[in-house]
Amino acid sequence: DLFLTGLISGSGSSIQWTTDGTGTFSSDTSLVANYFFSSSDTASGTISVVLNSDSVPGCLIAHDTVMITITDAPVVDANYDVTVCFNNSDVQLAGTVAGANTTGQWTTNGSGIFIPDDSTLNSIYQPSNLDKTAGSVILTLASSNIGNCNVVSDSMVITITPPPVANAGADKIICNGDNISFSGTVTGGGGTGAWTTNGTGTFADDSLLNTTYIPSPADTIAGVIDFYLTSTNNANCNPSSDSMFVIFLDK
10 DLFLTGLISG SGSSIQWTTD GTGTFSSDTS LVANYFFSSS DTASGTISVV
60 LNSDSVPGCL IAHDTVMITI TDAPVVDANY DVTVCFNNSD VQLAGTVAGA
110 NTTGQWTTNG SGIFIPDDST LNSIYQPSNL DKTAGSVILT LASSNIGNCN
160 VVSDSMVITI TPPPVANAGA DKIICNGDNI SFSGTVTGGG GTGAWTTNGT
210 GTFADDSLLN TTYIPSPADT IAGVIDFYLT STNNANCNPS SDSMFVIFLD
260 K
């Protein structure tokens, strides 16, 4: 609504407010009044409000007009909530601000940083280690350079899930001719993994954490080969990998 404070001097003691809009006055006969815009007023974008003096014998009625321009209120959208991984946590933002002005500013309840800055609507948010440990952070986009409009804001939640951690187990020493048993683990992420090696033997099933490797003759001749366990089904996480080696001894 619009707060009006009119002034009249000289002869006459009464006034009347009028408008070419379709809103209403709290009192159209009081110098101090409120004007309440109608939906048609806001749609038109411009109305006039006129203060009229009363009729005094021998005098013309005096008028004074105020032109009111009504700008569009900001409309802010921070975009959807997102889920990211501890080891792949940068978030591409895509906020929008519409209305009379299209600028905005990002804030966070965490301690991460906005790249290149907090006034770029499509910045990248880089969570801090504290954000990651907390498991979630709230980002708020608020309209800026809004003139006489109220600030409008919208928020989004970033949920940060634990990363996968692969553990291939301890290094081993075995005798030539023996098969190798593995008991790897993958915590976080999908909880699954795959084995690879720089050897030339074969796995019973390289997609099982607990599996067996059958060394080739070339493996035993080499004397030492390496094995790698890498997490799979990582979703939005980067894979985790761990290694161990096996030494072959003559029986």
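Residue numbers (our numbering): 10 to 260. Heads up, the beta-carbon is just placed ideally off N, CA and C, and yes, glycines get one too.
In the DSSP output, what is S152 paired with across the bridge? G113
Note down, in chain order, each residue of its chain lying with its Cβ closer than 7 Å to the Cβ of F45, except the 5 sequence neighbours on either side. D10, G32 and T33
Starting from T209, trace the beta strand (DSSP E) both ways and give me its first and last residue. Premise fails: T209 is in no beta strand (DSSP E) and is neither H nor E.
Local conformation of T239 per DSSP, three classes: strand
By DSSP, does L139 sit in helix, in strand, or in coil? helix
Compute the distance between the beta-carbons of T38 and Q25, then report whether it is under 7 Å. yes
If you count every other CB in all the chains shown that lies within 10 Å of the CB of V2, and 16 or more means buried, which is it? Beyond the ends of the chain as shown, which are 10 and 260, falls residue 2; an answer cannot be given.
Alpha-carbon to alpha-carbon, V58 and T28: 4 Å
Close beta carbons around A103, own chain, < 6 Å, minus the five adjacent residues each side: N88 and N131
Can you list, in chain order, the residues of its chain whose CB lies under 7 Å from that of L217, leaving out five sequence neighbours each side? none
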